[in-house]
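Heads up, the thing below is written out as structure tokens.
Number of protein chains: 2
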Amino acid sequence: MSTREGILNAAMSVFGEHGFRGGTVRDICDRAGANVAAVNYHFHDKASLYAEVLQHAYRNAGSGEPMPTLADAPDQPATQLGAWIAWYVRRLLHSGGTDVGRLMAREMAEPTDALDDLAKGAVQPVFSELGRLMDAVSGGTLEDREIKLRCIAVIGQCLVFHTGRAMLERLDPPHFGSEDADEISSSIIQWTMRSFDSSNVDSGP
Amino acid sequence: MSTREGILNAAMSVFGEHGFRGGTVRDICDRAGANVAAVNYHFHDKASLYAEVLQHAYRNAGSGEPMPTLADAPDQPATQLGAWIAWYVRRLLHSGGTDVGRLMAREMAEPTDALDDLAKGAVQPVFSELGRLMDAVSGGTLEDREIKLRCIAVIGQCLVFHTGRAMLERLDPPHFGSEDADEISSSIIQWTMRSFDSSNVDSGP
DNA sequence: ACCTGATTCAAACGGACGTTTGATTAATAT
DNA sequence: ATATTAATCAAACGTCCGTTTGAATCAGGT
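If you read the protein sequences in the order shown, they are chains A and B.
Every letter in the first sequence is one number past the one before it in our numbering, and letter 16, counting from 1, is 1.
Every letter in the second sequence is one number past the one before it in our numbering, and letter 34, counting from 1, is 19.
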């Protein structure tokens, strides 16, 4: 493993544990068995290293499993939407306690410049695919804004098990963990699908 | 306003903007119009000041509006559940950009010892009340675990506009802000209520 | 063997930080 | 008015940090 890779891995751990400000290049280089100057030599500075770590982290957050898309089965949008939700929940719960998960949670709470690229490069495609699936399942009857609201609702139901993890663990047990991924995702799927029944029907005042 | 109070207020702003590590006592004292040594004189050190700021922030997070409870109208659980959701969304979106909101979000991402007290003292009552409302609306037909799942789902849909704010703002506009609180909460309410229709009916395989 | 460029290293630089110090001023009691 | 305590202040201390420097080491080509 090259010095560069070693630093990248060590930086993921250190930044994951202490954040960008709290993590020191000295700690990173120590863990990587490299000299203090290595960070500035292989990356421009600490900030650039952090940006690269973020990209690397999000790219590897998927744990290999590819995202289910509408294009995979254009004639079965409901099935694909369910698969997408299950994939997303599994992905979130799986990375909950890892450095990757903590890096993401921290970026949300305290955005740095790196979040801009992350949003446009890595998150936007995922969000867009969910929108496409939602649109297909609804049969194109929903307005753009309504679709966006429902996408955020689904993502919120998934994300809460990740971002709210620290709080859920402190409320009265039993809480939900990565072993409940199937139960959680099937509940969200059930709820989401039901919201499409009689979507355009406004029940009385 | 005494020097002590001035520092407390300034510290809330500074810690809210830059976090505990990022916020400096020099910045705090400058904004409070006090000397650099004032923090160490009136509080023991920076950490003690932060703990006191957190307590103060959590206590003032409610912004006055009282939480709707089942006890307020035991015969109209559905109405109260809707009121609860609207109240919660308003509360979250209203404190989204404030120092209090940022302090809370940061505690979720990087819990300190102060989070334990927060969970038991401030969050648990809110969560329990939602569970009571859910149980009442369902007519007592749902298991404990199912109720808890639905509570988390509702909270997730609300929370995402708070915790995911930084990301939502970076996705393709228009995003949702505090001016859309009514639209958001009514959407969540609609979705939640629909999930109670035919709750016990399992549609085919 | 020699040159050339890339990489590693120990050491130091300059700045920012939390905290301490000791003197000075304000407030309070006798 | 005097003594005592609380509060404020400018200045400095020691430490840790990101970054730079310039020499040393390694690799590959000629």
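For every residue, glycine included, the Cβ atom is placed at its ideal position computed from N, Cα and C.
Everything numeric in this text was worked out from a predicted model, so none of it was measured.
- Using a Cβ-Cβ cut-off of 7 Å, B/Thr(-12) does not count as an interface residue toward chain A, since no Cβ of chain A sits closer than that to its own.
- Ranked by Cα distance from B/Asp167, the options B/Phe181, B/Phe146, B/Tyr35 and B/Val(-1) are led by B/Phe146.
- No Cβ-Cβ contact shorter than 7 Å links A/Gly149 with B/Gln142.
- With a beta-carbon spacing of about 6 Å, B/Ser180 and A/Arg179 fall inside the 8 Å limit used to define contacts.
- If you check each beta-carbon in the stretch 100 to 118 of chain A against every beta-carbon of chain B, the ones closer than 9 Å belong to Leu100, Asp101, Leu103, Ala104, Lys105, Val108, Gln109, Phe112 and Ser113.
- The three-state reading of DSSP puts B/Ser172 in helix, counting H, G and I together.
- One thing to note: B/Ala121 has its Cβ no nearer than 7 Å to the Cβ of B/Pro51.
- In this structure, A/Met(-3) keeps its C-beta atom at 7 Å or more from the C-beta atom of A/Val24.
- When Cβ pairs closer than 8 Å are counted between the two stretches, the stretch 28 to 38 of chain A is seen to touch the stretch 86 to 102 of chain A, the count reaching three or more.
- Annotation for A/Met52: no alpha helix (DSSP H) segment contains it, and DSSP assigns it neither H nor E.
- The Cβ atoms of B/Leu115 and B/Tyr43 lie no closer than 7 Å to each other.
- Going by DSSP, A/Val145 is part of the alpha helix (DSSP H) stretching over Asp129 to Thr148.
- Between the alpha carbons of A/Ser172 and B/Leu88 lies a gap of roughly 31 Å.
- Close partners of A/Val85 in chain B (Cβ separation under 9 Å) are lacking, with about 14 Å as the shortest Cβ gap.
- Only buried fits B/Thr177, as 16 or more other CB atoms lie within 10 angstroms of its CB.
- From the listed residues A/Phe28, A/Ala71, A/Pro53 and A/Asn20, the smallest Cα separation to A/Arg11 is found for A/Asn20.
- In this structure, the alpha-carbon of A/Leu(-7) lies about 40 Å from that of B/Gly106.
- Counting only the Cα atoms, A/Thr54 lies some 59 Å from B/Ala22.
- Excluding five sequence positions before and after A/Ala(-5), the CB atoms of its chain that fall closer than 6 Å to its own CB belong to Ile13, Arg16 and Ala17, given in chain order.
- In the same chain as B/Ile70, and ignoring 5 residues on each side of it, the C-beta atoms closer than 6 Å to its own belong to Ser170, Ile173 and Ile174, in chain order.
- If you ignore the 5 residues before and after B/Gly86, its C-beta comes within less than 7 Å of the C-beta of Ser80 and His147, all in its own chain and listed in chain order.
- Scanning its chain for C-beta atoms nearer than 8 Å, with the 5 sequence neighbours on each side dropped, one finds around B/Glu2 the residues Gly8, Asp84 and Arg87, in chain order.
- Only Leu134, Ile137, Ala138, Ile140, Gly141, Gln142, Leu144, Val145 and Thr148 from the stretch 120 to 148 of chain A bring a Cβ to less than 7 Å from some Cβ of chain B.
- For A/Asp101, the enclosing alpha helix (DSSP H) has its first and last residue at Ala99 to Leu103.
- Note on geometry: alpha-carbon atoms of B/Val111 and A/Gly124 lie some 38 Å from one another.
- From the beta-carbon of B/Leu156, the residues of chain A found nearer than 8 Å are Ala104, Val108, Gln109 and Phe112.
- Each residue's CA atom was taken as its position, placing A/Ala138 and B/Asp165 some 14 Å apart.
- Inclusion of A/Met93 and B/Ala151 in the CB contact set at 7 Å is warranted, their separation being smaller than that value.
- Against chain A, the CB of B/Gly7 has a partner CB under 7 Å away; the residue lies at that interface.
- For chain A, none of the residues of the stretch 43 to 76 of chain B brings a beta carbon within less than 9 Å of one of its beta carbons.
- In this model, B/Met119 and A/His160 are separated by some 18 Å (Cα to Cα).
- Distances from the alpha-carbon of B/Gly162 to those of B/Leu77, B/Trp72 and B/Leu127 put B/Leu77 closest.
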